[in-house]
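Q:
There are 2 protein chains.
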Amino acid sequence: MDKNILGIDWGTSNRRAYLIDQHGACLAEHEDDQGMLAVGGRERFGDSLAGLLDAMGIGADVPVIMSGMVGSASGWQEVAYLDSAVPLQRLPQHLAPVSDAAWAGRCRIVPGYCYRNGAAVDVMRGEETQLLGAVALGHRDGWLVLPGTHSKWVLLRDGVIQSLSTYMTGELFAMLSARGTLSSMMGGDASDAEGYAIGLRQAALNEPLSNTLFRVRAGVVSRSAPQAQAPAVVSGLLIGAEFAAATRALAAGGGATGITVIGSTALAARYAVAAEHFGLQCDVLDPHRVYCAAISQFHHQAST
Amino acid sequence: MDKNILGIDWGTSNRRAYLIDQHGACLAEHEDDQGMLAVGGRERFGDSLAGLLDAMGIGADVPVIMSGMVGSASGWQEVAYLDSAVPLQRLPQHLAPVSDAAWAGRCRIVPGYCYRNGAAVDVMRGEETQLLGAVALGHRDGWLVLPGTHSKWVLLRDGVIQSLSTYMTGELFAMLSARGTLSSMMGGDASDAEGYAIGLRQAALNEPLSNTLFRVRAGVVSRSAPQAQAPAVVSGLLIGAEFAAATRALAAGGGATGITVIGSTALAARYAVAAEHFGLQCDVLDPHRVYCAAISQFHHQAST
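Each protein sequence line maps, in turn, to chains A and B. Add 5 to a position in the first sequence, counting from 1, and you land on the number used in the working numbering. Add 5 to a position in the second sequence, counting from 1, and you land on the number used in the working numbering.
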């Protein structure tokens, strides 16, 4: 058996592949726009994967682990969510073999997680792999935050998910920018520090986003606020809503004082500013590093 | 001088005109899709109005009062917002004559209101006319709610605006239905009673909409909730967010126990259900009736 393994973070719009050796070192990376939507149907995932392996020059004996939307109902093969009671460390024992005969035995899909708390249900698919990597790197406890289109806040205790909340932060920002009442004022710099701080402050008051977002427009049309700051205020309102909710949960949950953000440098920096605003410490983990750490865990499992 | 007066509720997408006699009776109504966006530019409002008068067979001596987006920066002529300290009863004294020479002296525009509370700013343009009508019909005190694309919650005391909060309820519902993560599950019946009640219950918990909206999707993809209910749950979350915020304000503001909704039968019925859920009494006023009552107030002013 080859000592290398290929991990693919196969999302909705993009995919990213990492070739990992037996020591967990990343030998090669490849990113392209062949996400689930671009593949164009369940029966075409095999060809799409073949193209990726070809592009990376990877032989037929390298096992493949895939995470993300590839395992959703619209992906290659739907893989049932794990219950959040299953520790992340056990994830390698729950991989689902691809049933497609041409790939069976070689390719496996990482299941997502489903979290239930009374009537509230939340899910992840893809982030569990990042989380396993974080656990492997020693982050077994506390709040892990994965910002993005759908920001995830996850509370871990000894590698077990205690709570999961997803916020449509990036998606709502994109929607509001593209059309509707706010769109005409969303052309400016979303990272403007003053506007961002204004949004964070307002978010801390816990008023509904449907109200506070409108008030960004009201401030501009009444000439009470500069239009150029509007995108940063909106960003502050949306990211601030995550922190405001988490701060209540943190206070209720015995007072953790910090978060660990798994995100790109730019996004992590914005979350670090918000964390400071809300009085939280903030560590940052590189998402590629945690992904490789996770694949390395699967590697050990695959080799046994 | 003619004893009749024409009131036009000239909004973003539509306009509705009411011919009112000296006793406040509505002699004729006309609605069309020639809202601000359809008119196509400031210099074309005069022709658009001429076409409306022609269609209604209204003579050159009938004064015209216009409210709504016609007075915005993208309308016929921008009219500055009134400060919320100005009582609604004084609105007839603050009408802005149209400066267009062909229409000056005959046509006036109702100003909107701007409300400020610390850093929070909110505005209305059009709803002030409905509110004046409500005041004329005896509703000088308490909470008035004007549901719609942008739902307005207004607290009045002796006809003076004490607070104003706008919620992008209808706009967000339309956005989420048209595209994005939730759109594929938004085809069902938004008035499903059970789904609506689920949304209202979750809204009462005051979690951010960016989270609770995602959880509608999470419930469906994890097969914990029927997809057919999703639109009603979303409706309940958005309308419930208004009530949850208002309930906090009501509790803080000395405990009013009811609201008066100015809205169409269908929308008012949905708000009445939410009001009952949140333990509030709910009266309903017909929006056409209050508009005519407002125009009648302008009539008296115009005749003196």
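All C-beta atoms, glycine included, are put in the ideal place defined by N, C-alpha and C. Remember, predicted model here, so these are calculated numbers, not experimental data.
What did DSSP end up calling G25/B once you bin it into helix, strand or coil?
A: For this step, residue 25/B is matched to residue 20 along the second sequence. Here residue 25/B is Ile; the residue named in the question, Gly, does not match the sequence. If DSSP states are grouped into helix, strand and coil, I25/B belongs with the strands.
Q: Comparing the C-beta of A250/A with each C-beta of chain B, is any distance below 8 Å?
A: Within the first sequence, the letter at position 245 stands for residue 250/A. It does: the Cβ of A250/A has a partner Cβ on chain B nearer than 8 Å.
Q: Residue range of the beta strand (DSSP E) that E34/A falls in?
A: To locate residue 34/A, count along the first sequence from 1; it is residue 29. Here the beta strand (DSSP E) through E34/A covers C31 to D37.
Q: Do L218/A and L242/A have their CB atoms nearer than 8 Å?
A: Your numbering for residue 218/A matches position 213 in the first sequence. Your numbering for residue 242/A matches position 237 in the first sequence. Their beta carbons are under 8 Å apart, which means L218/A touches L242/A by this criterion.
Q: Which residues of the segment 147 to 162 of chain B have a Cβ closer than 7 Å to any Cβ of chain A? Give them in chain order.
A: H155
Q: Cα-Cα, which of G224/A, A139/A and L177/A is closest to I264/A?
A: Working through the first sequence from its first residue, we reach residue 264/A at position 259. Comparing Cα-Cα distances from I264/A to each of G224/A, A139/A and L177/A, the minimum goes to A139/A.
Q: Can you grab the Cα-Cα spacing for the pair M41/A / M74/A, in whole Å?
A: As a working note, residue 41/A is residue 36 in the first sequence. As a working note, residue 74/A is residue 69 in the first sequence. Going by the C-alpha atoms only, they are around 7 Å apart.
Q: Hey, is S170/A's beta-carbon within less than 8 Å of any beta-carbon in chain B?
A: Your numbering for residue 170/A matches position 165 in the first sequence. Chain B contact via Cβ: present.
Q: Mark S240/B as exposed unless 16 or more other C-beta atoms lie within 10 angstroms of its C-beta, in which case mark it buried.
A: Your numbering for residue 240/B matches position 235 in the second sequence. By the Cβ neighbour-count rule, S240/B is buried, with 16 or more other Cβ atoms within 10 Å of its own.
Q: E281/A: buried (16+ other C-beta within 10 angstroms of its C-beta) or exposed?
A: If you number the first sequence from 1, residue 281/A lands on position 276. Looking at its Cβ environment, which holds fewer than 16 other Cβ atoms inside 10 Å, E281/A is exposed.
Q: Name the chain B residues whose beta carbon is nearer than 7 Å to that of G80/A?
A: Sequence index remark: in the first sequence, residue 80/A carries index 75 (1-based). Simply none; closest approach about 12 Å.
Q: Who are W158/A's beta bridge partners in DSSP?
A: Along the first sequence, read from residue 1 onward, the residue named residue 158/A stands at position 153. In the DSSP output, where bridge partners are listed per residue, W158/A has V150/A and S170/A.
Q: Tell me the rounded alpha-carbon separation between G76/B and L285/A.
A: Sequence index remark: in the second sequence, residue 76/B carries index 71 (1-based). Sequence index remark: in the first sequence, residue 285/A carries index 280 (1-based). G76/B and L285/A: Cα-Cα distance of roughly 46 Å.
Q: Assign S215/B to one of three DSSP states: helix, strand, or coil.
A: In the second sequence, the residue the question calls residue 215/B occupies position 210. Three-state result, S215/B: helix.
Q: By a C-beta neighbour count over all protein chains shown, 10 Å radius and 16 as the cutoff for buried, is S189/B buried or exposed?
A: In the second sequence, residue 189/B corresponds to position 184, counting from 1. By the 10 Å Cβ count, S189/B comes out exposed.
Q: Check this for me: beta carbons of K8/A and Q39/A, under 8 Å apart or not?
A: Here residue 8/A refers to the residue found at position 3 of the first sequence. Here residue 39/A refers to the residue found at position 34 of the first sequence. Contact flag unset, no.
Q: May I have the straight-line CA-CA distance separating G117/A from R222/B, to the nearest angstrom?
A: Counted from its first residue, the first sequence places residue 117/A at position 112. Counted from its first residue, the second sequence places residue 222/B at position 217. For G117/A and R222/B, the distance between alpha carbons rounds to 15 Å.
Q: Strictly under 8 Å for the Cβ-Cβ distance: is V216/B near chain A by that measure?
A: To locate residue 216/B, count along the second sequence from 1; it is residue 211. Going by the sequence as given, residue 216/B is Asn instead of Val. Yes, contact with chain A.
Q: In the DSSP assignment, the beta strand (DSSP E) including M265/B goes from what residue to what residue?
A: Position 260 of the second sequence, counted from the start, is the residue given in the question as residue 265/B. It is Thr, not Met, that sits at residue 265/B in the sequence shown. That run of the beta strand (DSSP E) goes G263 to I267.
Q: For A223/B, return the contacting residues in chain A, with the cut-off set at a CB-CB distance below 8 Å.
A: For the purposes of this step, residue 223/B is identified with residue 218 of the second sequence, where counting begins at 1. C119, V126, D127, V128 and T171, listed in chain order.
Q: Hey, is D186/A's beta-carbon within less than 8 Å of any beta-carbon in chain B?
A: Reading the first sequence from its first residue, position 181 is the one you call residue 186/A. It is worth fixing the name first, because residue 186/A is Thr in this sequence and not Asp. Yes, T186/A lies at the interface with chain B (some Cβ there is under 8 Å from its Cβ).
Q: Secondary structure at R228/B, three-state DSSP: helix, strand or coil?
A: Here the question's residue 228/B lines up with position 223 in the second sequence. R228/B falls in the coil class under three-state DSSP.
Q: On the criterion of 16 or more Cβ atoms from any shown chain inside 10 Å, does T174/A qualify as buried, or is it exposed?
A: Along the first sequence, one-based indexing puts residue 174/A at 169. Flag for T174/A reads buried.
Q: Can you grab the Cα-Cα spacing for the pair S301/B / R275/B, in whole Å?
A: Counting from 1 along the second sequence, the entry for residue 301/B is found at position 296. Counting from 1 along the second sequence, the entry for residue 275/B is found at position 270. Straight-line Cα distance between these residues: approximately 29 Å.
Q: Does any CB atom of chain B fall closer than 8 Å to the CB of P213/A?
A: Walking along the first sequence from the start, residue 213/A turns up at place 208. Interface residue, yes.
Q: Could you name the residues of the same chain whose beta carbon sits closer than 6 Å to that of I267/B, not counting the 5 residues immediately before and after it, in chain order?
A: What you label residue 267/B is simply residue 262 of the second sequence in a count that begins at 1. Closer than 6 Å at the Cβ level, and outside the excluded window around I267/B, lie Q135, L151, L290, P292 and V295.
Q: Please work out which residues of its chain come closer than 7 Å, Cβ to Cβ, to T309/A, disregarding the five sequence neighbours upstream and downstream, and give them in chain order.
A: Here residue 309/A refers to the residue found at position 304 when the first sequence is read from its first residue. Model confidence at T309/A stands at a pLDDT of 44, short of 50, so the residue's coordinates are unreliable; what they give is reported in the following sentence. For T309/A, where only same-chain residues beyond five positions count, there are no Cβ hits under 7 Å.
Q: Figure out for me which residue from S269/B, F283/B, C287/B and T270/B has the closest Cα to the Cα of A277/B.
A: Here residue 277/B refers to the residue found at position 272 of the second sequence. Checked all of S269/B, F283/B, C287/B and T270/B; the closest Cα to A277/B is C287/B.
Q: Identify whether R294/B lies in helix, strand or coil by the three-state DSSP scheme.
A: If you number the second sequence from 1, residue 294/B lands on position 289. Correct three-state label for R294/B: helix.
Q: Would you say R111/B faces chain A, with C-beta separation under 8 Å as the test?
A: In the second sequence, the residue the question calls residue 111/B occupies position 106. No, because no Cβ of chain A sits closer than 8 Å to the Cβ of R111/B.
Q: Hey, could you find the ends of the beta strand (DSSP E) R253/A is sitting in?
A: Numbered from 1 along the first sequence, position 248 holds the residue referred to as residue 253/A. Looking at the DSSP string, R253/A is not in any beta strand (DSSP E); the run it does join, the alpha helix (DSSP H), is A235 to A257.
Q: Using a beta-carbon distance below 8 Å, is N19/A in contact with chain B?
A: In the first sequence, residue 19/A corresponds to position 14, counting from 1. No, N19/A lies away from the interface with chain B (no Cβ there is under 8 Å from its Cβ).
Q: What are the boundary residues of the beta strand (DSSP E) that L100/A is part of?
A: For the purposes of this step, residue 100/A is taken as the residue at position 95 of the first sequence. Looking at the DSSP string, L100/A is not in any beta strand (DSSP E), and its letter there is neither H nor E.
Q: Quick one: does R220/B have its CB under 8 Å from some CB of chain A?
A: As a working mapping, residue 220/B is identified with position 215 in the second sequence. Output row for R220/B: interface = yes.
Q: Quick check: what's the CA-CA separation for S53/B versus V44/B?
A: Against the second sequence, residue 53/B aligns to sequence position 48. Against the second sequence, residue 44/B aligns to sequence position 39. Rounded to the nearest angstrom, the two C-alpha atoms are 7 Å apart.
Q: For A237/B, which residues from the same chain have a beta carbon less than 6 Å from its beta carbon, with the 5 sequence-adjacent residues on both sides left out?
A: By 1-based counting over the second sequence, the position of residue 237/B is 232. Excluding positions up to five away in sequence, the list reads A195, D197, G200 and Y201.
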